[in-house]
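Since the structure comes first, as structure tokens, the remarks are kept for the end.
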Amino acid sequence: MVRRIDVTGAGGVRLAAWEFADPPKNEPPKGSEAPGVLLLHGLMGRASHWASTARWLSERHRAVALDQRGHGQSDKAPEAEYTREAYVEDAEAALDQLGLGPAVVVGHAMGALTGWQLAAKRPDLVRALIICDMRASALGAASQREWEDWFRAWPVPFATLADVRKWFGEDDPWVERPNPSRGAFYAEVMHESPDGWRPVFEPEQMLKSRQTWVYDAHWEELAQVRCPALVVRGLDGELGRAESQEMVRVLPHGRYAEVADAGHLVHYDQPEAWRAAIEPFLDGVLTG
184 MVRRIDVTGA GGVRLAAWEF ADPPKNEPPK GSEAPGVLLL HGLMGRASHW ASTARWLSER
244 HRAVALDQRG HGQSDKAPEA EYTREAYVED AEAALDQLGL GPAVVVGHAM GALTGWQLAA
304 KRPDLVRALI ICDMRASALG AASQREWEDW FRAWPVPFAT LADVRKWFGE DDPWVERPNP
364 SRGAFYAEVM HESPDGWRPV FEPEQMLKSR QTWVYDAHWE ELAQVRCPAL VVRGLDGELG
424 RAESQEMVRV LPHGRYAEVA DAGHLVHYDQ PEAWRAAIEP FLDGVLTG
């Protein structure tokens, strides 16, 4: 079962939340309740990237994935705010309106930053946190310029979805070696238009969203996260081992896991290894 639930975010922006499985069938251990789980994708992602994770989580949790503002089937209003505050308030509104809190928040990249900023702001809403391949350090102006150049390099419109998969999986200058899962990831964020296949998001809104975090470090907010938190990195991802271990040290209740043979798209590259990395942490949250 796939079910869409509409949520009203900050400033009245309409957000699409998704359940990819039926409610939990298994009873939680006596004396505990299975917490809700909110899944937050990264920049340019969408809720469907969490589908496989949400399905196994739903055996014991109510797992909901959110299309964040400007992404997926949520509003992409040009007049809307694309600030850090707006993304955090959207997640806060989703937890409240869906009745998930206090929840486990699982975030990838930008979604992970939203997760730890929310946990710092509203500890009553976040029971535990999983941070997937997101850096706490400032990335700087050069990084933002690289992204601007990268967007301009996209050969849009793509004639077919096969062309999408090939370009992002093989031909993209950012690809070091063929990566079919990366091609599939980007194929999920395309839609067919009269002249071919284009992204479901507006690149300008993605750049606007990104520029609200790349110039600043986020260590202070990380240190304010009081709930149990797991930092997960792919060995070939963007989060280095030294920085990830420093993040674990800064977190008051931080833990660490890594996934071999995975890049930045950890949960999408290696879904079984991703599950093996996070399930023990979730089991502790469930029974603790």
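Going by our numbering, the sequence shown wraps up at 471, each residue one higher than the last.
Positions of the beta carbon are idealized from the N, C-alpha and C atoms, including for glycine.
Environment of residue i [buried if 16+ CB atoms lie within 10 Å]
i      : result
GLU262 : exposed
ASP354 : exposed
SER215 : With a pLDDT of 47 at SER215, under the threshold of 50, the modelled position of this residue cannot be trusted, and the question is left open.
THR236 : buried
TRP350 : buried
TRP357 : exposed
GLU387 : exposed
LEU312 : buried
LEU249 : buried
GLU359 : exposed
PRO463 : exposed
ASP279 : exposed
TRP333 : exposed
ASP452 : buried
GLY352 : buried
ALA400 : exposed
ARG381 : buried
ARG335 : exposed
ARG328 : exposed
ALA230 : buried
Beta-carbon spacing of residue i, residue j below 8 Å
i      : j      : result
PRO377 : PRO285 : no
ALA324 : TYR398 : yes
ALA200 : ALA277 : yes
VAL415 : PRO435 : no
ILE461 : ALA445 : no
ALA345 : GLU426 : no
LEU198 : LEU283 : no
TRP330 : LEU390 : yes
GLY423 : VAL442 : no
GLU255 : VAL383 : The question names Glu, yet the displayed sequence has Gly at residue 255. For GLY255 and VAL383, yes; Cβs fall inside 8 Å.
SER392 : LEU281 : no
HIS244 : GLU371 : no
ALA260 : VAL196 : yes
Nearest residue (CA-CA) to residue i, options the options
i      : options                           : result
LEU465 : PHE351, VAL271 and TRP239         : TRP239
LEU413 : MET317, ALA269 and SER364         : MET317
ASP307 : ARG267, VAL288 and TRP396         : VAL288
GLY228 : ALA246, VAL247 and GLY253         : GLY253
MET373 : MET389, PHE341 and GLU403         : PHE341
GLU404 : HIS244, ARG305 and THR191         : ARG305
ALA234 : GLU385, GLU268, VAL433 and PRO454 : PRO454
ALA193 : ASP258, GLU242 and ARG245         : ASP258
TRP396 : GLU268, ARG458, ARG348 and ARG432 : GLU268
TRP402 : THR191, PRO361 and VAL433         : VAL433
LEU322 : GLN394, ALA230 and ALA367         : GLN394
GLU375 : ALA459, VAL347 and SER326         : VAL347
Cut-off 6 Å between Cβ atoms - residues of its own chain near residue i, not counting five sequence neighbours on either side
i      : result
MET184 : ASP205
ARG186 : GLU202
LYS213 : Summary for LYS213: the model assigns pLDDT 44, below 50, so the residue's position carries little reliability, and this model does not support an answer.
ALA456 : VAL442
ASP246 : For the record, residue 246 in the displayed sequence is Ala; it is not Asp. Excluding residues within five positions, the ones whose Cβ falls inside 6 Å are VAL220, ALA237 and LEU240.
PHE368 : LEU448 and TYR451
Residue i beta carbon near the ligand COA (any heavy atom closer than 7 Å)
i      : result
ALA277 : The ligand COA is absent from the structure shown, which contains no ligands of any kind.
Proximal residues to residue i (C-beta, below 7 Å), its chain only, five neighbours per side dropped
i      : result
GLY420 : ASP316, ALA445, GLY446, HIS447 and VAL449
THR297 : LEU223, TYR270, VAL271, ALA274 and GLY290
VAL309 : PRO285, ALA286, VAL288, LEU301, ALA302 and CYS410
GLY379 : PRO340, PHE341 and ALA342
TRP299 : LEU312, ILE314, GLU404, LEU405 and VAL408
MET361 : Sequence check: residue 361 is Pro here, not Met. Cβ neighbours of PRO361 beyond the five flanking positions: GLY352 and GLU353.
GLY437 : ALA412, VAL414, MET430 and VAL431
Same chain only: Cβ atoms within 8 Å of residue i, ignoring 5 sequence neighbours per side
i      : result
GLY467 : PRO411
PRO363 : ARG348 and GLY352
GLU385 : GLY253, LYS259 and PRO261
Uninterrupted alpha helix (DSSP H) stretches inside the stretch 252-313 (no shorter than 4 residues): 267-281 and 293-304
Beta strand (DSSP E) runs wholly inside the stretch 304-387, at least 3 long, in chain order: 309-315, 373-376 and 379-382
Length-filtered (4 minimum) alpha helix (DSSP H) runs lying within the stretch 411-440: 424-433
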